[in-house]
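Residue numbers (the working numbering), protein chains in the order written: chain W, 944 to 1095; chain E, 944 to 1095.
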DNA sequence: CAGATTTCGTTCAAACTTCAACCAACAACC
DNA sequence: GGTTGTTGGTTGAAGTTTGAACGAAATCTG
């Protein structure tokens, strides 16, 4: 290592590593816990977004943006969810290129079962471990990150 | 959604989502930035851990633990890094099951070039966006998460 | 010390993600 | 109204990750 670089100081370094490791462990844990419902955290998030949307449906592109995923990835994932009958695709009248991804009754019902369990996992492995102030700080920081990096 | 579940309150909800989206965007960005060196963030972290270890080498299992990866995944990744001559495998004398992953000169040199650039990315897209207090809070929170979830 | 158990790392196949290429529909422009 | 460019979404192949199964070496137990 040579000149001129502003390295992270030791506190920052430690925090950065903690974030990397903690995130890896947390995601793995949440993923694991969802497996009993046949879902990964990625599938779960898709279902949640749909469940919250008007008429429980969203355009593919919109959904991809909200999750920061490539359209391609979403196409594949929704394809799987559709095969599992958790999601249905319908084509969009007003823009004939468009496709709605819509939560099915079965999808909603599965989410209904999985959600309490999942939320409990988020609490137990994250929220409850932090003071409200610290957790709020996490929110602020990653909000700023999102904001800064912006859309793809 | 029915009864008895302690949902996240709206603040917590917002913070949780910000974390998910922010992390997705941040990782994608850092990954992108490293691509010019032919590395992903995962490869990068492996090289860093090796570079810091005594004799610039670590046992596979130890490395996997530090990164919270499955051994299988690490085997594959190190296989690729070895093909790229950034890492070398040598077998362990004292435990004949064991394998050392060791950073090559080329690996060290690549890291040397990539690191300043990467660190700058971490600063610009994360560290500089947060107050020192907030960033410290992130460290505390994810340290607690790591601690709580523990080894796989 | 034999046998049972655990640990280390790899392998294979299946599952998932990425990337580039692509087609169709919309939009702009002249 | 025909270019030209952009956006929405899919495809297929290549690359990566997962998960179960495995063999070999270490460790534990009686």
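Positions of the beta carbon are idealized from the N, C-alpha and C atoms, including for glycine.
Please read all numbers here as calculations on a predicted model, not as lab measurements.
Looking only at its own chain, which residues have a Cβ that is under 7 angstroms from the Cβ of residue i, when we skip the five neighbours before and after it?
i	result
residue 987(W)	977, 1057, 1061
residue 969(E)	1068, 1069
residue 1009(W)	992
residue 990(W)	1029, 1046, 1050, 1054
residue 1063(W)	none
residue 980(W)	1053, 1056, 1057
residue 985(W)	1020
Buried or exposed: where does residue i fall if 16 or more other Cβ atoms within 10 Å of its Cβ makes it buried?
i	result
residue 1014(W)	exposed
residue 1026(E)	exposed
residue 1038(W)	exposed
residue 1077(W)	buried
residue 1007(W)	buried
Where residue i and residue j are concerned, what is the direct C-alpha to C-alpha distance, given to the nearest angstrom?
i	j	result
residue 967(E)	residue 947(E)	31 angstroms
residue 1071(W)	residue 1086(E)	13 angstroms
residue 996(W)	residue 949(W)	44 angstroms
residue 1084(E)	residue 1073(W)	6 angstroms
residue 1043(W)	residue 963(E)	24 angstroms
residue 971(E)	residue 1017(W)	16 angstroms
residue 1005(E)	residue 957(W)	19 angstroms
residue 1089(W)	residue 965(E)	5 angstroms
Just to make sure I have the definition right: I need the residues of chain E whose C-beta is within less than 9 angstroms of the C-beta of residue i. Which are they?
i	result
residue 999(W)	Residues of chain E passing the Cβ test: none, with the nearest at roughly 14 angstroms.
residue 1034(W)	Within 9 angstroms Cβ-Cβ: nothing; residue 1034(W) doesn't reach chain E, min ~28 angstroms.
residue 979(W)	Simply none; closest approach about 17 angstroms.
Got a sec? Which residues, its chain only, sit under 8 angstroms from residue i by beta carbon, not counting five neighbours each side?
i	result
residue 951(E)	959
residue 999(W)	993, 1045, 1046, 1051
residue 1032(E)	1021, 1025, 1042, 1043, 1044, 1045
residue 1091(W)	none
Looking only at C-alpha atoms, which of the options sits nearest to residue i?
i	options	result
residue 1048(W)	1075(W), 1091(W), 1029(W), 974(W)	1029(W)
residue 955(E)	1092(W), 1091(W), 1080(W), 1088(W)	1080(W)
residue 1059(W)	1077(W), 973(W), 1083(W)	973(W)
residue 1034(E)	1024(E), 1016(E), 1023(E), 1001(E)	1001(E)
residue 975(W)	1022(W), 1065(W), 1024(W), 1032(W)	1065(W)
residue 953(W)	1091(E), 1092(E), 1082(E), 1093(E)	1082(E)
In its own chain, which residues sit with a C-beta less than 6 angstroms from the C-beta of residue i, not counting the 5 before and 5 after it?
i	result
residue 1041(E)	1002, 1035
In chain E, what lies closer than 7 angstroms to residue i by C-beta?
i	result
residue 1038(W)	Ordered by position in chain E, no residue passes the 7 angstroms Cβ test against residue 1038(W), which lies about 25 angstroms from the chain.
residue 966(W)	966, 1085
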